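Colleague: Quick note: the working numbering has the sequence shown finishing at residue 209, numbered continuously throughout.
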Amino acid sequence: MDLGKKFVIKTNSFEPKQGNILISEPLMNDFHFGRAVVLLIDHVESEGSFGIIINKRLNANVSQIVDDFPDFEGAAYLGGPVADNQLFFVHTLGEVIPESIPIIDGLYWGGEVETLKTLIATGIANEENTRFYLGYAGWDAGQLVSELVRNSWLVGTITPQQLFDLPEETMWQTFVGQAGKEYCMWSRFPKNFEDN
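#1: For a quick check, are the C-beta atoms of Glu86 and Asn139 less than 9 Å apart?
#2: Are the stretch 30-47 and the stretch 126-137 touching by the rule of at least three beta carbon pairs closer than 8 Å?
#3: Would you list the one or two residues that DSSP bridges to Leu91?
#4: Whole beta strand (DSSP E) runs in the stretch 84-145 with 3 or more residues, listed along the chain?
#5: When DSSP builds the beta bridges, which residues end up paired with Thr172?
#6: Let's see if you can read the secondary structure: which residues bound the beta strand (DSSP E) around Ile78?
#7: Indicate the three-state DSSP secondary structure (helix, strand or coil) for Phe44 in the structure shown.
#8: Determine the direct distance from the alpha carbon of Ile65 to that of Gln31, and round the result to whole angstroms.
#9: Please return the same chain residues whose Cβ sits closer than 8 Å to the Cβ of Ala192, not counting the five positions on each side in sequence.
#10: Whole angstroms is fine: what's the gap from Asp97's alpha carbon to Gly123's?
#11: What are the boundary residues of the beta strand (DSSP E) that Gly190 is part of?
#12: Compare the beta carbon distance of Gly151 and Phe63 with 9 Å and say whether it is the shorter of the two.
#13: Assuming Ile54 and Ile116 form a contact by the criterion Cβ under 8 Å, report the distance between their Cβ atoms to the nearest whole angstrom.
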């Protein structure tokens, strides 16, 4: 199975859009964004952007974080520094969950929570098709584009299969490795320069 087959890196002059991923440059030394892969949920340059970090797994599942939530086997993820006391979710269940918003073909944002709880309790929603995030990442109007100009991020694409199947601990390296040989040095940078 070639998970990277549909992955395409764009130059930083490429206009990011909903459903793209942002891959942080290796020198970004930030708790949230260091070696992060961010799924853009919405991007309107004149209004701002928001997304969720998809490769920072927490050591807790949703049932341990949220009271009165059905048992859910999958771990929760750190979605970002904004509203980090709120839980968000993406899924592949589509219109089975009312009020879901399409992100890319086959991947959806949010929806009606009571329906989601019922689907979890019946086993229809599970860790293979639903993922939860605490918080999100946000950018003011023009902020993300200015960060792209400074080469803080690469812009690429992702499939629902990649989001659910790629191990989060190697996701950043996988996408950097598929970005082209001009980025091959990125994966060789130490995470902590004090260790070098």
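Note that beta-carbon positions come from the ideal geometry of N, C-alpha and C, so glycine has one too.
These numbers were taken from a predicted model, which means no experiment stands behind them.
Modeller: Put simply:
#1: yes
#2: no
#3: Leu147
#4: 88-91, 95-104, 114-117, 120-122
#5: BP columns for Thr172 are empty, so no partner.
#6: First-last for Ile78: 75-78, but that is the alpha helix (DSSP H), not the beta strand (DSSP E).
#7: coil
#8: 12 Å
#9: Ile22, Ile36, Leu167, Gly169, Trp199
#10: 16 Å
#11: Note, Gly190: premise wrong, no beta strand (DSSP E); alpha helix (DSSP H) at 181-190.
#12: yes
#13: 6 Å
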